[in-house]
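Take a look at the structure set out below.
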Ligand code: FES
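Numbering (our numbering), first residue to last: 206 to 291.
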């Protein structure tokens, strides 16, 4: 099974809006998902540049699906949902 790729934006806007916290907490959970999920930091997706998107940072992509106003809970729920679909 191909791993789900979780891309946590570490661009300035997302970082300031809490993306660093999301990444730090997700890193502590990697053991649980190690064989199913790959969590990586990426630079700005430019999603924050879209109109009315600035306040929805931080952004996390789970494969091609964007999670806005990303919190650890929202990201974990999205991961669990995707895993249950597979
Ligand atoms: S800084 Fe995260 S999408 Fe731009």
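A virtual CB, placed ideally from N, CA and C, is assigned to each residue, including glycine.
Selection 270, 212, 272, 271 evaluated against residue 232 yields 212 as nearest (Cα-Cα). In the DSSP secondary-structure assignment, residue 212 is bridged to 245, 266. Sixteen is the threshold: when 16 or more other Cβ atoms of the shown chains lie within 10 Å of the Cβ of residue 264, as they do, the residue is buried. In this structure, residue 216 has its beta carbon less than 6 Å from a heavy atom of the ligand FES. Residue burial annotation: residue 252 is buried, with at least 16 other C-beta atoms found within 10 angstroms of its C-beta.
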